[in-house]
Amino acid sequence: MSQAFAVFRAKMRIVGHEVASVRRQSKLKVAVITVFATALWIGAFFLFYSGFRWLISFGEEASRGGMNIADILMARMLGVLALAVFFMLIFSNVLISFSTLYRAKEVPYLLQGPITYRLFFLSRFWECVAFSSWAVGFLGSPLILAYGISGHASWTLYLAGFLFYIPFIVVPAAIGAIITLILARVFPRQRTSVMIGLGVIAVGLLFLYIQDTFNISRLSQDVVIAAVMDATARTQSPFLPSFWAARGILAAGGCDYGESLFQFLLLVSNALLLVWAAAELAQRIFYPGYSFLAGQDKTRIKPLDKGILGRLDETFRWLPNPARSLVVKDIKLFWRDPTQWSQFVIFFGILAIYMANLHTVGRGEIEKEMWRSWIACVNIASCTLVLSTLTSRFVFPLISLEGQRFWILGLAPLTIRQLVRQKFWLSVCTTSVFTVGLAVLSGRMLGIPRIHFWLSVYSVIIANFGLAGLAVGLGALYPNFREDNPARIVSGMGGTLNFLLSIGYIALVVGAQTVILQWWALERYTSPQMFWWALAVVVASITLLSLGATFIPLRLGLRNLEHMEF
Amino acid sequence: MIKTEKLTKHFGEKVAVDALTLTVNEGEFFCFLGPNGAGKTTTIKMLTGLLQPSGGRAVLGGFNIQQQPVEAKRVIGYIPDSPFLYEKLTGNEFIRFVAGLYQMRDGQAAQRAEGLLRMFGIADVADQLIEDYSHGMRQKLSFVSCFLHEPRIVIVDEPWVGLDPKNIRFVKDFLRERTREGTTVFMSTHTLSIAEEVADRIGIINRGRLLHTGTVAEIRALAKNPGTLEDVFLELTHEETE
Numbered sequence: 001m002s003q004a005f006a007v008f009r010a011k012m013r014i015v016g017h018e019v020a021s022v023r024r025q026s027k028l029k030v031a032v033i034t035v036f037a038t039a040l041w042i043g044a045f046f047l048f049y050s051g052f053r054w055l056i057s058f059g060e061e062a063s064r065g066g067m068n069i070a071d072i073l074m075a076r077m078l079g080v081l082a083l084a085v086f087f088m089l090i091f092s093n094v095l096i097s098f099s100t101l102y103r104a105k106e107v108p109y110l111l112q113g114p115i116t117y118r119l120f121f122l123s124r125f126w127e128c129v130a131f132s133s134w135a136v137g138f139l140g141s142p143l144i145l146a147y148g149i150s151g152h153a154s155w156t157l158y159l160a161g162f163l164f165y166i167p168f169i170v171v172p173a174a175i176g177a178i179i180t181l182i183l184a185r186v187f188p189r190q191r192t193s194v195m196i197g198l199g200v201i202a203v204g205l206l207f208l209y210i211q212d213t214f215n216i217s218r219l220s221q222d223v224v225i226a227a228v229m230d231a232t233a234r235t236q237s238p239f240l241p242s243f244w245a246a247r248g249i250l251a252a253g254g255c256d257y258g259e260s261l262f263q264f265l266l267l268v269s270n271a272l273l274l275v276w277a278a279a280e281l282a283q284r285i286f287y288p289g290y291s292f293l294a295g296q297d298k299t300r301i302k303p304l305d306k307g308i309l310g311r312l313d314e315t316f317r318w319l320p321n322p323a324r325s326l327v328v329k330d331i332k333l334f335w336r337d338p339t340q341w342s343q344f345v346i347f348f349g350i351l352a353i354y355m356a357n358l359h360t361v362g363r364g365e366i367e368k369e370m371w372r373s374w375i376a377c378v379n380i381a382s383c384t385l386v387l388s389t390l391t392s393r394f395v396f397p398l399i400s401l402e403g404q405r406f407w408i409l410g411l412a413p414l415t416i417r418q419l420v421r422q423k424f425w426l427s428v429c430t431t432s433v434f435t436v437g438l439a440v441l442s443g444r445m446l447g448i449p450r451i452h453f454w455l456s457v458y459s460v461i462i463a464n465f466g467l468a469g470l471a472v473g474l475g476a477l478y479p480n481f482r483e484d485n486p487a488r489i490v491s492g493m494g495g496t497l498n499f500l501l502s503i504g505y506i507a508l509v510v511g512a513q514t515v516i517l518q519w520w521a522l523e524r525y526t527s528p529q530m531f532w533w534a535l536a537v538v539v540a541s542i543t544l545l546s547l548g549a550t551f552i553p554l555r556l557g558l559r560n561l562e563h564m565e566f
Numbered sequence: 567m568i569k570t571e572k573l574t575k576h577f578g579e580k581v582a583v584d585a586l587t588l589t590v591n592e593g594e595f596f597c598f599l600g601p602n603g604a605g606k607t608t609t610i611k612m613l614t615g616l617l618q619p620s621g622g623r624a625v626l627g628g629f630n631i632q633q634q635p636v637e638a639k640r641v642i643g644y645i646p647d648s649p650f651l652y653e654k655l656t657g658n659e660f661i662r663f664v665a666g667l668y669q670m671r672d673g674q675a676a677q678r679a680e681g682l683l684r685m686f687g688i689a690d691v692a693d694q695l696i697e698d699y700s701h702g703m704r705q706k707l708s709f710v711s712c713f714l715h716e717p718r719i720v721i722v723d724e725p726w727v728g729l730d731p732k733n734i735r736f737v738k739d740f741l742r743e744r745t746r747e748g749t750t751v752f753m754s755t756h757t758l759s760i761a762e763e764v765a766d767r768i769g770i771i772n773r774g775r776l777l778h779t780g781t782v783a784e785i786r787a788l789a790k791n792p793g794t795l796e797d798v799f800l801e802l803t804h805e806e807t808e
């Protein structure tokens, strides 16, 4: 039997068992994921559809009396999206290839078997393609559908979208794998500072290349068409695989089958060539790189009282023990777990994008009071959602992560109440730094009225208590002591419930504020006193709700832990 | 069958294995002993081709593991101390996967797997997902997968973890039986009483250097005071450390 077929068959069986195991998972979790995924897909479709409809009407209006530029604008927009996805796929494939080819648990197992490095690479490569590209399929399908419906395209557009999908994702996957193979061979021999410098230069060059393309939204309308044509011209390079895919799909939609077939064959032949090149490269340089990485001196010496982490005890001297020991331990474990970091980096990346967009919104003049009020409410929602992301992903698993080490805490002269209290205050203190800071900064950048500003800041402060209470309390009520991976702890029944209740809490807090602030913006109150009384009622309600969200889950969780046998 | 010449591995500045020269003959049961961090696992990783040596060479069944890795791996079987198994496959599916990797014919693989699964007492759980197996069952499955392709050389890293006394006895007898049939067994272990019982020859490694090789009687004779293999081992490695 062929070795490649053996690997493929085993992987297919694994996928089959994974799918079948969904039946054994929490019904609530499956329902939440299904509903959210469907809502996301439908939301994406309507977003793309309204975007394309707007482009069509804009293009028709702009070209009144002249040639219709709506089709050109749509094609250019598709080119921009394809190019952005193409670069993102290369980047994600570099990261995924590294973990799939070098770090996965099955790598040593496969390598001790009688298979060539070429075959090893190919068997793992398809996993990289699947891992890095499923999201493109998930969000690309509503895009193509929206494009086809809004532009009244032929059914062949959808068929072409499906056929072009595989070669289009294979090209960046192969490029990403080649970059990883070379980096793994070269990187360990280079100084980290050199590699960081090269990485920064590469990202800078990429940014310069696409800067114009993504800056067009800031232009005024009278120059926008010329600017769009000019800026998006780079996405139309015949040397870009994203251009081949976009052009081929559009040609199929316009019934130009010859052009579509040509672009398809161009994409497929390049995909095959790149996969072949990557496999040959793997045959030559994979093993030296793998062995060098495995053979590095991994001794990590961390002397007491040296470095930032080493001085934590000194920093928290003002805290009484055992709280200090627990806080220092939690911070050290968090910092030394790379899986936690990667999540944190993604989180701050999203935050940076949010802040950059606030900057753009803040520069515009928002005349109407009603819209300023709406923006303030949306900003409160954003800040509290950021907070709930932090508590759901990082705070909820804290109790479960004590896991099989619970006996250490159980034997220590420490009550469960002290432990839960420590987790709660650690959460409130750390998340407050980020979220209250974000609320103040975003409020200032948006220039919202004073009443909106202070209400936002108060809501975020009080939400820190409410959401921490929910996360720590439910973490104690539904602990998972068998799991060491925080991501898996979060995806369990307790994590799902915490997520849903957090969203519900945020909806109530933001909803109450939106009502009172819109009321104020539209000046519907009969006297100022009436407004202040209403505001006091809203603030009191939010406070009461937050106290409930804080103390009820904490009490239930505490009771559960105290009655638990270890 | 196994021949290493000045096999060396550096991890940065640290020398994990220092010019190891060793020969293990066909049908020999060789036990590789050493304290924690002595270089046993690094040696095994070089013998199985998972690590590239910094110097020297290893030849298994006549094939240089670095220059002819596929040919060498075809004749060896490896049982790690904590085996990796695909959690979402059943025992039978995993065995079929291994048979495919070693390019065995379907009928031959099925027949051999059936015998081994029965012999190791896991035939009745072979259709269960591996994630539901106990540690001992996983260890037995890794034995089945190792012996499926009838390797001429078997490299075993501390195989007793998770096995009950009955199964330890079974594995000892099984490995001894294979050596009588001509299979070479290279086993790293901390369980000195078992090594004393089964080994044809013993090698003691400490701080990356091979201190002594010989039969149990020869190793015992090296001690200043007569005693068990454990006493001799502690004396030899203690002297070396000092």
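Chains H and B, in that order, are what the protein sequence lines are.
Note that the working numbering gives residue 305 to position 305 of the first sequence, counting from 1, and the numbers run on in steps of one.
In the working numbering, each number is its position in the second sequence, counted from 1, plus 566.
Beta carbons are placed, not taken as given, at the ideal position from N, Cα and C, and that holds for glycine.
Residue range of the beta strand (DSSP E) that includes residue i
i	result
N560(H)	From DSSP, N560(H) is part of no beta strand (DSSP E) but of the alpha helix (DSSP H) over P528 to E562.
F596(B)	F595 to L599
G622(B)	G621 to L626
V583(B)	K580 to V590
V751(B)	T750 to S754
Assigned exposure category for residue i - 16 Cβ within 10 Å defines buried
i	result
I552(H)	exposed
G469(H)	buried
S220(H)	Note that S220(H) scores 48 on pLDDT, short of 50, meaning its location in the model is unreliable; the coordinates nonetheless yield the value given after this. Its Cβ having fewer than 16 others within 10 Å, S220(H) is exposed.
Y257(H)	exposed
W276(H)	exposed
R23(H)	exposed
S388(H)	buried
C528(B)	With chain B represented from 567 up to 808, any question about residue 528(B) goes unanswered, as that position is not in the structure.
Q589(H)	Given a span of 1 to 566 for chain H in the structure shown, any question on residue 589(H) remains unanswerable.
R684(B)	exposed
S217(H)	Below a pLDDT of 50, predicted positions are generally treated as unreliable, and S217(H), at 49, falls in that range; no measurement from the model is reported.
Interface residues of chain B facing residue i [CB-CB closer than 8 angstroms]
i	result
T100(H)	Here the premise fails: no neighbours, minimum Cβ distance about 15 angstroms.
L111(H)	G615 and L616
K105(H)	F650
Y458(H)	Going along chain B, no residue has its Cβ under 8 angstroms from Y458(H), so there is no contact; the nearest lies around 48 angstroms.
Short Cβ contact (9 angstroms threshold) for residue i with residue j
i	j	result
T574(B)	G621(B)	yes
G151(H)	G253(H)	yes
G681(B)	K706(B)	no
Q236(H)	G79(H)	yes
M670(B)	L626(B)	no
V722(B)	S754(B)	yes
A279(H)	L667(B)	no
Interface residues of chain B facing residue i [CB-CB closer than 9 angstroms]
i	result
Q3(H)	G666, L667, Y668 and Q669
P108(H)	K611, T614, L616, P646 and F650
Proximity to residue i [Cα-Cα], best of the options
i	options	result
F162(H)	P413(H), F138(H) and V22(H)	F138(H)
I166(H)	Y109(H), W374(H), S133(H) and L183(H)	S133(H)
I771(B)	P646(B), V583(B) and L741(B)	V583(B)
R13(H)	K639(B), L695(B) and G769(B)	L695(B)
M355(H)	N379(H), K332(H), F344(H) and W335(H)	N379(H)
R259(H)	C377(H), A160(H), V129(H) and R336(H)	Per the sequence shown, the amino acid found at residue 259(H) is Glu instead of Arg. E259(H) has its Cα closest to that of A160(H), out of C377(H), A160(H), V129(H) and R336(H).
T608(B)	L183(H), V136(H) and G295(H)	G295(H)
Where the alpha helix (DSSP H) containing residue i begins and where it ends
i	result
M670(B)	M670(B) -> no alpha helix (DSSP H), and no H or E assigned at all.
E637(B)	P635 to V641
A104(H)	Premise fails: A104(H) is in no alpha helix (DSSP H) and is neither H nor E.
M567(B)	Where M567(B) is concerned, there is no enclosing alpha helix (DSSP H), given that its DSSP letter is neither H nor E.
K738(B)	P731 to R746
Listed by chain order, chain B residues near residue i by CB distance under 7 angstroms
i	result
R372(H)	Ordered by position in chain B, no residue passes the 7 angstroms Cβ test against R372(H), which lies about 53 angstroms from the chain.
S291(H)	L617 and Q618
Interface partners of residue i on chain H, CB under 8 angstroms
i	result
V636(B)	P114, I115 and T116
R640(B)	P114
L695(B)	H17
Chain H contact residues for residue i, given Cβ-Cβ distances below 9 angstroms
i	result
K654(B)	R13, I14, V15, G16, H17, E18 and S21
Per-residue contacts from residue i into chain H (C-beta, under 7 angstroms)
i	result
K575(B)	G295
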